[in-house]
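S.K.: Residue 1 is where the sequence shown starts when you use full-length UniProt numbering, and the numbers rise one by one after that.
Take a look at this one; I'll ask things after.
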Amino acid sequence: MASGHRSILIAGAGATGLTAALELARRGHVPRIVDSDAGPVPLAESRALGINARTLALLSPSRVTDAILQEAQRIAHFRIVSGNRLLADVDTTTVPGPYSAMQVLAQGHTERLLLGKLSDFEVAPEWQTVVETVSHDPSKPRVTLRRADGSVETADFDIVIGADGAHSTVRKAVGIDFPGQALESSFYLADFRYAEPIGTGSVEINLFDPGMIGCLPVTRDVLRYISTLPDFESRIRHPARVAERVWASDFRIHFRRASEMARGNVFLAGDAAHIHSPAGARGMNLGIEDACWLGWLISEGREREYAALRMPAVQTVLKQTHQLTSLIAMKNPMAIAVRNLAVPFLLRIPAFRQKLLHGVSGYDTQSPPWIAGAL
1 MASGHRSILI AGAGATGLTA ALELARRGHV PRIVDSDAGP VPLAESRALG INARTLALLS
61 PSRVTDAILQ EAQRIAHFRI VSGNRLLADV DTTTVPGPYS AMQVLAQGHT ERLLLGKLSD
121 FEVAPEWQTV VETVSHDPSK PRVTLRRADG SVETADFDIV IGADGAHSTV RKAVGIDFPG
181 QALESSFYLA DFRYAEPIGT GSVEINLFDP GMIGCLPVTR DVLRYISTLP DFESRIRHPA
241 RVAERVWASD FRIHFRRASE MARGNVFLAG DAAHIHSPAG ARGMNLGIED ACWLGWLISE
301 GREREYAALR MPAVQTVLKQ THQLTSLIAM KNPMAIAVRN LAVPFLLRIP AFRQKLLHGV
361 SGYDTQSPPW IAGAL
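The following block contains the structure:
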C-alpha cells in the first residue's frame, strides 16, 4: 500500500499530536486525530512556554514558524542571580542560524496556530473522543473509540501514534513500560498580569540558597514565576503594580522514558514517551521534534527507524534537564558554595557557553535531513 494511503490514527491533540497531523497532512496523508478534551489547552493555563530554535526550524516548512514569530517574545538574555550577585548573563541571540535560541509563547497559543495551519488541509481533531482500547497485536492495531454522546467505534489502522500524554492509554494498551523516578520536592508556579507593559526580553533565576525563583515572560504584561519554595509568592519583587494573579499550580517533577518508543505499528511521541523537568524548556520542543521525525519517516516508508533515531535525543535531553534541575534545586550548603563559584567561571569560557546555548537552542539532537541547511 502506498504510504500516503495508509490509515493513521493520532491519539492526542496537544502540540505533539497536532504537529504529527500537520507534518503528515502536508505530505499527502489524511490522518485522524482524537482527543479526550473539549479543545486545546486554555490560554490561561499554558504550562509550556519556550520554543527553541530547533523547533522553529522544524515548523518552518509548514509556515507555523512565521506565525509564532509574529506573536512570541524573543528571549535575549538568560541570567542567574544569587543574593545581589550576578552569577551569569548569557546572550541567547548569539547562536548560529536564522533563529535566536529561545522564543516564548504560551502553549495554548502555539496549539491554536498549529490548528489553524492544519485546517488548511481539512483535518480537524475529533474532540471529546477517548481511546478506550488498542489491540494487543501492535502489528495490526485495532482501536476502540468512545465519543461524548456514548457512541462507540472500533476500527483497524495501519499506524497508531500515541501522543496522549504521560498517562498514555496507547502506551499502556500495548504493554510498554514507563520507568523512572520523581524528585522529592515539589515545584510551584504562578502567573501575574501587570497594570502596564513590562520588560520581556530575559529569563532570570534567583537563587535563595537553598531554593530558587525563576521568572520568565508569558506576554508583554504577564510574567510567570516558578519556584522550589512553597512561600515564593511572598518573596517576589514585582516590576509593576499587579493587576491580577492569572493562574497558579504546583507539581512534582518526574524523569521517565518509555522502554520502547515503538512496538509494531504503534509509535509513541511527546509526553507519552518521555517526561522530565521543565528546566531548559525542552518538553514541548522534544515532543514536536518527535512528531516531525515520525511524520517524515512514515512518508518515506522508514518508520521502523523511528525508535533508533529518537532514543538518543531523548536520552540527551533527560540527562541535560536532570543536571540543570539538580543545579538549581541544591540544598547542601557546601555544594551551593561550589556551584556559585563554578558557574561564573565556566560561563566565561567561550566553548562552555556555546555548548550551553547549543543545548538551549535544541541543536544537541540530530539535524533533520529533510530541511536544507538545518543545524
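The C-beta atom is built at its ideal place from N, Cα and C for all residues, glycine as well.
1) On the DSSP letters alone, give me the boundaries of the beta strand (DSSP E) that Gly162 sits inside.
2) What is the DSSP secondary structure of Ala262, counted as helix, strand or coil?
3) Which same chain residues, not among the five before or five after Ile336, have their C-beta less than 6 Å away from its C-beta?
4) Considering just the uninterrupted stretch of the beta strand (DSSP E) at Val343, what are its terminal residues?
5) Would you check if the distance between the CB atom of His322 and the CB atom of Phe255 is smaller than 7 Å?
6) If you scan the segment 201-281 from start to end, which runs of the beta strand (DSSP E) of 3 or more residues do you find wholly inside it?
7) Please report the straight-line C-alpha distance between Pro350 and Val343, rounded to a whole angstrom.
8) Rounded C-beta distance between Val160 and Val134? I'm assuming under 8 Å.
9) State yes or no: is the C-beta of Ala279 within less than 7 Å of the C-beta of Thr325?
10) Just confirm the distance between the C-beta atoms of Val41 and Glu111, as a whole number of angstroms; I'd bet it's less than 8 Å.
11) Using alpha carbons as the reference points, say which of Gln320, Arg263 and Arg282 lies closest to Arg304.
12) Identify which residue in Lys117, Ala44 and Leu87 has its Cα closest to the Cα of Asp66.
13) Hey, Ser62 and Arg32: beta-carbon distance below 7 Å or not?
14) Tell me whether the beta-carbon of Ala72 lies closer than 7 Å to the beta-carbon of Gln103.
15) Look up Glu122 in the DSSP assignment and say whether it is helix, strand or coil.
16) Does the segment 273-292 come into contact with the segment 42-55, if we say contact requires no fewer than three beta-carbon pairs (one atom in each stretch) closer than 8 Å?
17) Can you check DSSP and say which residues form a bridge with Val90?
18) For Ser364, which of helix, strand or coil comes out of DSSP?
19) Classify Pro350 as helix, strand or coil using the three-state DSSP reduction.
20) Going by C-alpha to C-alpha distance, which of Phe267, His358 and Ala195 sits closest to Pro239?
21) Distance, Cα to Cα, Asn340 vs Phe78?
22) Can you have a look at Gly83 and say buried or exposed, based on whether 16 or more other CB atoms are within 10 angstroms of its CB?
23) Check for me: the alpha helix (DSSP H) holding Ser299 runs from which residue to which?
24) Would you check if the distance between the CB atom of Leu189 and the CB atom of Ile226 is smaller than 7 Å?
25) Which residues bound the alpha helix (DSSP H) around Ile328?
26) Pull up the distance between the alpha-carbon of Gly295 and that of Leu24, whole angstroms please.
27) Could you compute how far the alpha carbon of Glu244 sits from the alpha carbon of Ser367?
28) Taking the alpha-carbon positions, what's the Met1 to Thr16 distance?
29) Going along the chain, which unbroken runs of the beta strand (DSSP E) with 3 or more residues stay wholly within the segment 14-69?
30) Just verifying my parser: in three-state terms, what is the DSSP assignment at Glu196?
31) If I follow the unbroken alpha helix (DSSP H) through Arg171, where does it start and stop?
32) So which of Ala313, Asp177 and Leu207 has the shortest CA-CA distance to Gly359?
33) Classify Ser259 as buried or exposed, calling it buried when 16 or more other Cβ atoms lie within 10 Å of its own Cβ.
34) Helix, strand or coil for Leu189? Go by DSSP, reduced to three states.
35) Can you tell me where the beta strand (DSSP E) with Ala11 in it begins and where it stops?
M.R.: So, to answer that:
1) Stepping through the sequence shown from its first residue, residue 162 is reached at position 162. Per DSSP, Gly162 belongs to the beta strand (DSSP E) from Ile159 to Gly162.
2) Sequence index remark: in the sequence shown, residue 262 carries index 262 (1-based). Ala262 falls in the strand class under three-state DSSP.
3) In the sequence shown, counting from the first residue as 1, residue 336 sits at position 336. Around Ile336: Asp209 and Met330.
4) Reading the sequence shown from its first residue, position 343 is the one you call residue 343. Element bounds for Val343: not the beta strand (DSSP E) but the alpha helix (DSSP H), Pro333 to Leu347.
5) Position 322 of the sequence shown, counting from 1, holds the residue named residue 322. Position 255 of the sequence shown, counting from 1, holds the residue named residue 255. A contact, by the Cβ cut-off of 7 Å.
6) 202-207, 212-219, 222-227, 242-257 and 266-268
7) Here residue 350 refers to the residue found at position 350 when the sequence shown is read from its first residue. Here residue 343 refers to the residue found at position 343 when the sequence shown is read from its first residue. Taking the Cα positions, Pro350 is about 13 Å away from Val343.
8) The count along the sequence shown starts at 1 and reaches residue 160 at position 160. The count along the sequence shown starts at 1 and reaches residue 134 at position 134. Contact between Val160 and Val134 holds: CB atoms are separated by about 6 Å, below the 8 Å threshold.
9) As a first step, residue 279 is located in the sequence shown; it is residue number 279 there, counting from the start. As a first step, residue 325 is located in the sequence shown; it is residue number 325 there, counting from the start. For Ala279 and Thr325, yes; Cβs fall inside 7 Å.
10) For the purposes of this step, residue 41 is identified with residue 41 of the sequence shown, where counting begins at 1. For the purposes of this step, residue 111 is identified with residue 111 of the sequence shown, where counting begins at 1. Indeed, because the Cβ distance is near 6 Å, the residues count as touching under 8 Å.
11) Your numbering for residue 304 matches position 304 in the sequence shown. Of the candidates Gln320, Arg263 and Arg282, the one whose C-alpha sits nearest the C-alpha of Arg304 is Arg263.
12) As a first step, residue 66 must be located in the sequence shown, where it is residue number 66. Looking at the Cα atoms, Lys117 is the closest of the given residues.
13) Looking up residue 62 in the sequence shown gives position 62. Looking up residue 32 in the sequence shown gives position 32. Cβ distance not < 7 Å, so Ser62 and Arg32 don't count as in contact.
14) Along the sequence shown, read from residue 1 onward, the residue named residue 72 stands at position 72. Along the sequence shown, read from residue 1 onward, the residue named residue 103 stands at position 103. Taking 7 Å as the Cβ cut-off, Ala72 and Gln103 qualify as a contacting pair.
15) As a first step, residue 122 must be located in the sequence shown, where it is residue number 122. The answer is coil: DSSP assigns Glu122 none of H, G, I, E or B.
16) Verdict: yes, contact present.
17) What you label residue 90 is simply residue 90 of the sequence shown in a count that begins at 1. For Val90, which the question treats as bridged, DSSP gives the partners Phe78.
18) Position 364 of the sequence shown, counted from the start, is the residue given in the question as residue 364. The sequence given here has Asp at residue 364, not Ser. In this structure, Asp364 counts as coil in the three-state DSSP scheme.
19) For the purposes of this step, residue 350 is taken as residue 350 along the sequence shown, with counting starting at 1. In this structure, Pro350 counts as helix in the three-state DSSP scheme.
20) One-based indexing of the sequence shown puts residue 239 at position 239. Residue Ala195 is the option with its Cα nearest to Pro239.
21) Start at 1 with the first residue of the sequence shown, and residue 340 comes out as number 340. Start at 1 with the first residue of the sequence shown, and residue 78 comes out as number 78. For Asn340 and Phe78, the distance between alpha carbons rounds to 16 Å.
22) Here residue 83 refers to the residue found at position 83 when the sequence shown is read from its first residue. So Gly83 ends up on the exposed side.
23) Reading the sequence shown from its first residue, position 299 is the one you call residue 299. Following the DSSP letters along the chain, one finds Ser299 inside the alpha helix (DSSP H) bounded by residues Gly283 to Glu300.
24) The sequence position of residue 189 within the sequence shown is 189, counting from 1. The sequence position of residue 226 within the sequence shown is 226, counting from 1. Cβ atoms of Leu189 and Ile226: closer than 7 Å.
25) What you label residue 328 is simply residue 328 of the sequence shown in a count that begins at 1. Note, Ile328: alpha helix (DSSP H), Tyr306 to Ile328.
26) Reading the sequence shown from its first residue, position 295 is the one you call residue 295. Reading the sequence shown from its first residue, position 24 is the one you call residue 24. Between the C-alpha atoms of Gly295 and Leu24 there is a straight-line separation of about 5 Å.
27) Taking the first residue of the sequence shown as 1, we reach residue 244 at position 244. Taking the first residue of the sequence shown as 1, we reach residue 367 at position 367. Looking at the two C-alpha atoms, the distance is approximately 42 Å.
28) By one-based count along the sequence shown, residue 1 stands at place 1. By one-based count along the sequence shown, residue 16 stands at place 16. Reliability of the predicted coordinates at Met1 is poor, the pLDDT of 42 falling under 50, and the value obtained from them is presented with this limitation in mind. Their backbone Cα atoms lie some 26 Å apart in a straight line.
29) 32-34 and 50-52
30) Translated into the one-based positions of the sequence shown, residue 196 becomes position 196. Coil at Glu196, not helix or strand.
31) Position 171 of the sequence shown holds residue 171. Per DSSP, the unbroken alpha helix (DSSP H) holding Arg171 starts and ends at Thr169 to Ala173.
32) What you label residue 359 is simply residue 359 of the sequence shown in a count that begins at 1. Of Ala313, Asp177 and Leu207, the residue nearest in Cα terms is Ala313.
33) By one-based count along the sequence shown, residue 259 stands at place 259. Ser259 should be labelled exposed.
34) Taking the sequence shown and counting its residues from 1, one reaches residue 189 at position 189. Leu189 falls in the strand class under three-state DSSP.
35) Here residue 11 corresponds to residue number 11 of the sequence shown, with the count starting at 1. Note, Ala11: beta strand (DSSP E), Ile8 to Ala11.
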